[in-house]
Structures are given as structure tokens and as C-alpha cells.
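These notes are about the structure you will find just below.
Number of protein chains: 2
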Amino acid sequence: MTDVDLSRFSINQETVKQWSLPELVEGCRKAGVARIGLWRAPVQEYGVERAARLVREAGLTVTSLCRGGFLTATGPGERAAALDDNRAAIDEAAALATGTLVLVSGGLPAGDRDPHGARERIADALAELAPYARERGVRLAIEPLHPMFASDRCVVSTLGQALDLAERFPVEEVGVVVDAYHIWWDDTVEARIRQAGAAGPDGGRIAAFQVADWVTPLPAGVLLGRGQLGDGCVDMRRLRELVDAAGYAGRPIEVEIFNEGLWARDGSEVLTEVMERYAAHVL
Amino acid sequence: MTDVDLSRFSINQETVKQWSLPELVEGCRKAGVARIGLWRAPVQEYGVERAARLVREAGLTVTSLCRGGFLTATGPGERAAALDDNRAAIDEAAALATGTLVLVSGGLPAGDRDPHGARERIADALAELAPYARERGVRLAIEPLHPMFASDRCVVSTLGQALDLAERFPVEEVGVVVDAYHIWWDDTVEARIRQAGAAGPDGGRIAAFQVADWVTPLPAGVLLGRGQLGDGCVDMRRLRELVDAAGYAGRPIEVEIFNEGLWARDGSEVLTEVMERYAAHVL
Numbered sequence: 672m673t674d675v676d677l678s679r680f681s682i683n684q685e686t687v688k689q690w691s692l693p694e695l696v697e698g699c700r701k702a703g704v705a706r707i708g709l710w711r712a713p714v715q716e717y718g719v720e721r722a723a724r725l726v727r728e729a730g731l732t733v734t735s736l737c738r739g740g741f742l743t744a745t746g747p748g749e750r751a752a753a754l755d756d757n758r759a760a761i762d763e764a765a766a767l768a769t770g771t772l773v774l775v776s777g778g779l780p781a782g783d784r785d786p787h788g789a790r791e792r793i794a795d796a797l798a799e800l801a802p803y804a805r806e807r808g809v810r811l812a813i814e815p816l817h818p819m820f821a822s823d824r825c826v827v828s829t830l831g832q833a834l835d836l837a838e839r840f841p842v843e844e845v846g847v848v849v850d851a852y853h854i855w856w857d858d859t860v861e862a863r864i865r866q867a868g869a870a871g872p873d874g875g876r877i878a879a880f881q882v883a884d885w886v887t888p889l890p891a892g893v894l895l896g897r898g899q900l901g902d903g904c905v906d907m908r909r910l911r912e913l914v915d916a917a918g919y920a921g922r923p924i925e926v927e928i929f930n931e932g933l934w935a936r937d938g939s940e941v942l943t944e945v946m947e948r949y950a951a952h953v954l
Numbered sequence: 672m673t674d675v676d677l678s679r680f681s682i683n684q685e686t687v688k689q690w691s692l693p694e695l696v697e698g699c700r701k702a703g704v705a706r707i708g709l710w711r712a713p714v715q716e717y718g719v720e721r722a723a724r725l726v727r728e729a730g731l732t733v734t735s736l737c738r739g740g741f742l743t744a745t746g747p748g749e750r751a752a753a754l755d756d757n758r759a760a761i762d763e764a765a766a767l768a769t770g771t772l773v774l775v776s777g778g779l780p781a782g783d784r785d786p787h788g789a790r791e792r793i794a795d796a797l798a799e800l801a802p803y804a805r806e807r808g809v810r811l812a813i814e815p816l817h818p819m820f821a822s823d824r825c826v827v828s829t830l831g832q833a834l835d836l837a838e839r840f841p842v843e844e845v846g847v848v849v850d851a852y853h854i855w856w857d858d859t860v861e862a863r864i865r866q867a868g869a870a871g872p873d874g875g876r877i878a879a880f881q882v883a884d885w886v887t888p889l890p891a892g893v894l895l896g897r898g899q900l901g902d903g904c905v906d907m908r909r910l911r912e913l914v915d916a917a918g919y920a921g922r923p924i925e926v927e928i929f930n931e932g933l934w935a936r937d938g939s940e941v942l943t944e945v946m947e948r949y950a951a952h953v954l
């Protein structure tokens with residue numbers, strides 16, 4: 672246990688990827704952490720119902736499930752498969768009793784040079800998925816990813832682009848993720864966070880707020896380049912204050928860091944360090 | 672010689688970095704290329720006046736000099752040194768008879784988490800440098816770099832941010848660079864290119880148009896990840912049409928690719944391939 676205020680703190684499973692799901696649950700119990708963000712692959716591996724029971728019996732709240740998405744395919748077969756997979760992701764989110772399914776929307780198919788067209792295909796897919804999700808108490812949360820992922824993971828690169836998509840749907844059906852790592856460089860985020868918050872109570876369209884720090888040099892492939900909180904140049908406190916001012920105050924703050932250095936260490940030690948850094952740089 | 676229309680084609684020196692300056696000049700003569708973009712370090716190594724004479728006597732036009740910038744230092748000593756260095760860069764541009772000095776504006780100093788403040792320091796520096804440049808027939812050209820470079824190279828990440836800075840100065844003094852590699856993912860560029868073009872004749876604030884393709888996976892450090900034209904997902908023709916519609920028609924198109932694979936090959940072979948790809952994917 673720690674004297675850090677953990678009332679909003681959520682640890683994303685990938686931050687302590689060295690832990691199995693039972694180890695994560697036990698580590699959270701020891702550390703006094705009541706909220707976790709989960710990923711589909713380790714949940715499926717453990718068994719969805721079994722995972723749901725494990726976290727429920729431990730009294731943990733699942734703040735989000737990562738990830739649905741990859742909705743940019745052009746071929747009808749691939750598109751149908753992606754929709755099926757997203758319905759499965761929605762079912763899994765519902766089973767885990769989280770109201771938030773994070774979407775990594777998908778990059779450009781091979782040979783495609785039209786990000787705008789790809790975003791329109793995402794909108795079409797959302798129209799099919801959003802009612803299905805709503806019926807199950809799940810909101811789809813579009814996560815803008817840093818533009819360095821635009822071609823291969825997510826053509827939604829800015830909060831502005833995410834809101835352009837989300838605003839075509841009721842606020843209860845489609846929200847956005849504000850992840851400090853992806854959007855810190857963008858001088859339009861202040862206005863876009865206000866816009867997202869104005870859509871409704873409790874932060875409006877802001878479905879999740881995630882933090883990781885930006886450090887360089889980036890590693891090959893860039894995916895695992897996220898830094899421990901405080902090690903980089905992101906003013907996470909300012910972003911937290913912006914989402915709070917937009918109505919998100921009191922809601923979960925999820926720490927999601929993909930970093931091989933952290934994964935190589937003892938999970939409890941990493942979790943403790945993350946909580947200390949969270950107090951120093953986010954709260 | 673080739674049957675590709677080279678009337679706007681410019682080869683940036685870094686694309687064929689395996690060539691010395693005399694080899695570049697000779698390679699351009701053989702290929703019928705009349706325009707080159709130069710970098711300060713190889714020019715200084717060869718000697719600025721000597722380089723200027725070499726390209727002048729070969730009948731080559733220098734479309735741009737890379738690079739000034741790195742104007743975000745907070746300490747007075749570092750700031751003064753940066754301004755001195757930029758005045759030297761302006762002198763070198765004037766000696767090479769190019770009207771365009773490309774600025775890579777600088778990243779965040781260690782410990783700094785305020786990109787907005789850093790951009791304001793850039794504006795202050797531009798106010799000192801722009802009149803000096805204008806007197807020498809040189810326009811400062813702010814290049815927005817991809818947001819993956821925001822922390823360590825350039826806090827100016829979008830054409831919008833570049834224009835926010837440039838528009839504080841007369842169009843003759845400060846322009847912007849439209850580099851397809853850096854801005855292809857941004858859905859606001861169409862409006863921003865129009866805005867840049869509306870500032871005056873001949874493309875207004877568009878001081879240069881550069882092309883390279885976006886390919887993944889990115890290498891460690893990400894700097895040398897640019898792809899040969901046509902190998903990636905950037906619709907360079909659309910961007911060329913946008914700058915042309917904004918008044919830039921007829922002005923230089925500079926191919927600037929940093930790619931170790933290209934550097935390992937024969938320079939003439941690379942230049943020929945670049946020209947063919949340029950015809951196929953840009954014109």
C-alpha cells in the first residue's frame with residue numbers, strides 16, 4: 672500500500688506485461704490498485720469468463736478493453752471478418768463489465784494512398800457496430816494514434832479526426848480516447864478536448880484518458896518506444912487538467928506504457944514506480 | 672538524358688549522399704538535371720565560395736539550402752550562438768544564389784515540456800533573422816517536420832503551426848516548406864496549402880515543395896526511414912496538384928530521400944530511378 676491517491680489510477684495490463692492475469696490481480700491487491708485496463712489476447716488466453724470472474728471476485732474495475740478496430744479493409748470478406756471480430760470484442764468487453772472498448776481503427780491497406788477514404792470506411796463500420804455495442808452497455812472509443820502509426824495501424828491521427836468520426840453517432844455510442852503519448856505535440860488538442868467534453872456530462876465523448884511519456888530515440892518499429900511517466904517531455908498534468916476541465920474530473924486515468932525495459936523488471940517494483948511517477952507527474 | 676519532363680525537377684543532395692559535390696554536379700549534367708538542393712555541411716566541407724562557383728559554372732540552380740533553425744534554446748549563450756549560426760546559413764544561401772533557406776526549427780531543450788513556449792522562442796528568433804535574410808535576398812522557409820520529430824528536432828509539426836509562425840512576417844521574408852513525407856497524414860493540409868498560397872503570387876508562402884514516400888517499418892531513430900517515390904503510401908501527385916492550385920505551378924519540386932539503401936547504390940542509377948519514379952508518381 673502507498674499514500675498515493677489511487678482513486679482514479681488504473682494500470683493497463685500491457686504496462687506490466689511480465690505478469691500473468693492472476694499475477695496482475697494479486698499485484699493490484701497488494702498495491703491497493705482497484706482499476707485495470709485489459710487487452711484481448713491475454714484475456715482470451717486465460718478465458719474470457721474465467722478472467723471476468725477473477726477480476727470481479729477481486730473487486731477490480733476494468734476501465735477499458737483494448738482493442739477493437741482495424742476497420743479499414745476494402746475487400747468484403749476482410750471487412751466482414753473485421754466486423755465479426757469487433758462484435759466478439761464488444762461481447763468480451765460486456766463480459767468484463769467495462770463500458771469502454773478502445774478502437775485502434777486500422778491503417779492503409781497495401782497500395783492504398785487515401786487516408787480520407789479509409790476513415791470513411793471506419794465510419795461505415797462504426798454505424799454497424801455502435802448499436803450492437805450500445806445494446807451491451809459498451810461504448811466504442813476511437814483512439815487517435817500518433818501520426819507515425821498512420822499508415823500501418825491507425826489512420827485516425829488526431830483528436831480532431833477522431834471527433835469527426837465520433838460526432839456522427841450519439842455520445843453514448845461512440846467516444847474518443849485521449850492518450851497523452853499520441854497527442855501531446857498537437858496544439859489543437861486544447862480546443863478539441865473542450866469540444867469533446869461539451870458533448871455531454873462526465874467528460875462527454877472523452878471515454879478514456881491514458882498516459883505514457885514521450886522519449887527518444889525511438890526504437891525500430893517505434894511501437895515499444897513509450898517512456899515511464901516523467902522520463903520524457905509530455906506535460907501530462909496539463910493534459911489531465913484539460914480533460915478534467917472538460918468534465919472528466921474523477922474518472923479513470925490509465926497508465927499504458929509499452930517498454931521492454933519495464934517488462935524486464937519485477938512487476939511489483941514497476942507498479943510501485945508507476946504509482947509514484949503518477950503522483951509526481953499526473954496528479 | 673531522359674524523356675522525363677525535368678523542368679521542375681530538383682535533386683536534393685542528401686538523396687545521393689554517396690556523391691561528392693563535384694560528382695553530383697557531373698551526375699546532374701549527364702542526366703540533364705538543372706536544379707539541386709544543397710546541405711550546409713557538405714557545402715562547407717567543399718568550401719562555400721568554391722561550391723558556389725562550381726554550381727554556377729555548371730549552370731545549376733540551387734533550389735534550397737538545408738538548413739538553418741534549431742532556434743528553441745532557452746539560455747542566452749546558446750540562443751546567441753544559434754542566431755550567429757543562422758546568419759552564417761543566410762550568408763551561405765546568398766553565396767549559393769538560392770532564395771530559400773530551409774529551417775528545421777528545433778526541438779524541446781532537455782527538461783522542457785512546453786512546445787508552445789518553444790514555438791514562441793522560434794518566433795522571436797525569426798524576428799531577428801528575417802530582416803537580415805531579406806537584405807540578402809533569402810527567404811526563411813519554416814519546414815514542419817513529422818510529429819515523430821517534435822521533441823528532438825522540430826516543435827513545428829504541422830503546416831498550420833508553420834503558418835502561425837510565418838504569418839507574423841511579410842510573405843517575402845518567411846515562407847513554409849511543404850514536404851509530402853512530413854504532412855501526408857494530416858487532413859487539414861488542403862486548407863492550409865490554400866491559405867499559404869493565398870498570401871501572394873507564385874504560391875504565396877509556399878517556399879518549397881519536397882517529396883519522399885512513407886514506408887514502414889521505421890528504422891531505429893526514424894530519421895533514415897524515408898522511402899523511394901512510389902514505394903509507400905503518400906499520394907504525392909495529389910499534394911503536387913494542391914500546391915499547384917495554390918499558385919506554386921511551375922516552381923521546383925525537390926526530391927529529398929534519406930535512405931541507406933539508396934546510398935549504398937550507384938549514384939547515377941539512383942538518380943535515374945528517382946527521375947522515373949518522379950514522372951510516375953509526382954507529375
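Chains A and B are the protein sequences, given in the same order.
If you read the first sequence in my numbering, its first letter stands for residue 672, the second for the next number, and so on.
If you read the second sequence in my numbering, its first letter stands for residue 672, the second for the next number, and so on.
For each residue, glycine too, the CB sits at the ideal point set by N, CA and C.
No experiment lies behind these values; they were computed from the predicted model shown.
Does the Cβ-Cβ distance between Gly782 (chain B) and Thr743 (chain B) come in under 9 Å?
no
Can you tell me whether Ser822 (chain B) is buried or exposed, with buried defined as 16 or more other CB within 10 angstroms of its CB?
buried
With DSSP collapsed to three states, give me the class of Gly740 (chain A).
strand
Could you tell me which chain A residues have their CB closer than 7 Å to the CB of Arg784 (chain B), listed as they occur along the chain?
Cys904, Val905 and Asp906
Around the Cβ of His787 (chain B), are there at least 16 other Cβ atoms within 10 angstroms (buried) or fewer (exposed)?
exposed
How would you write the range of the alpha helix (DSSP H) that Gly892 (chain B) sits in, first residue to last?
Taken as a continuous stretch (DSSP letters only), Gly892 (chain B) belongs to no alpha helix (DSSP H), as it is neither H nor E.
By DSSP, does Ser776 (chain B) sit in helix, in strand, or in coil?
coil
Residues, ordered as in the chain, of the stretch 876–894 of chain B that lie near chain A by beta-carbon distance below 7 Å:
Trp885, Thr887, Pro888, Leu889, Pro890, Ala891, Gly892 and Val893
Would you kindly check if the distance between the Cβ of Pro802 (chain B) and the Cβ of Glu844 (chain B) is under 9 Å?
yes
Determine the direct distance from the alpha carbon of Asp884 (chain A) to that of Gln881 (chain B), and round the result to whole angstroms.
31 Å
Report the neighbours of Met946 (chain A) on chain B: residues whose CB is nearer than 8 Å to its CB, in chain order.
Under the 8 Å cutoff, chain B gives no residues; its nearest Cβ is about 21 Å from Met946 (chain A).
In whole angstroms, give me the CA-to-CA distance for Arg679 (chain A) and Arg922 (chain A).
6 Å
Can you tell me where the alpha helix (DSSP H) with Gly932 (chain A) in it begins and where it stops?
Glu931 to Trp934
Mapping DSSP to helix, strand and coil, what is Ser735 (chain B)?
strand
With DSSP run on the structure shown, which of helix, strand or coil describes Thr686 (chain A)?
helix
Taking the alpha carbon of Lys701 (chain A) as the reference point, which residue from A:Leu954, A:Gly938 and A:Ala950 has its own alpha carbon closest?
A:Gly938
Residues of chain B with a CB under 8 Å from the CB of Leu779 (chain A): which are they?
Cys904
With 16 other Cβ atoms within 10 Å as the buried cut-off, status of Asp857 (chain B)
buried
Please list, in chain order, the residues of the stretch 827–844 of chain A that have any C-beta partner in chain B closer than 9 Å.
Ser828, Thr829, Gly831, Gln832 and Asp835
Relative to chain A, which residues along the stretch 853–871 of chain B have a C-beta separation below 7 Å, given in chain order?
Trp856 and Asp858
DSSP three-state label for Arg897 (chain B), please.
strand
Span of the beta strand (DSSP E) around Val847 (chain B):
Val845 to Asp850
With 9 Å as the threshold, decide whether the Cβ of Ser822 (chain A) is near any Cβ in chain B.
yes
Once DSSP output is grouped into helix, strand and coil, what is the label at Ala837 (chain B)?
helix
At a CB-CB cut-off below 8 Å, which residues of chain B make contact with Pro923 (chain A)?
Within 8 Å Cβ-Cβ: nothing; Pro923 (chain A) doesn't reach chain B, min ~23 Å.
Own chain residues within Cβ distance below 6 Å of Lys688 (chain B), not counting five before or after:
Trp934
Interface flag, Pro802 (chain A) vs chain B, CB-CB below 9 Å:
no
Alpha helix (DSSP H) segment containing Glu694 (chain B), residue limits
Leu692 to Ala702
Beta strand (DSSP E) containing Arg810 (chain A): first to last residue?
Arg810 to Ile813
CA-CA distance, Met907 (chain A) and Gln715 (chain B)?
42 Å
Please confirm if the stretch 715–731 of chain A is in contact with the stretch 938–953 of chain A, defined as three or more CB-CB distances below 8 Å between the two stretches.
no
Any beta-carbon of chain B closer than 9 Å to the one on Arg790 (chain A)?
yes
What are the boundary residues of the alpha helix (DSSP H) that includes Glu912 (chain A)?
Met907 to Val914
Apply the 10 Å Cβ neighbour rule to Glu925 (chain B) and answer buried if 16 or more other Cβ atoms are within range, or exposed otherwise.
buried
Considering only C-alpha positions, which residue in the set B:Cys737, B:Leu754 and B:Arg784 is nearest to Leu767 (chain B)?
B:Cys737
Between Pro818 (chain B) and chain A, is any beta-carbon pair separated by less than 9 Å?
yes
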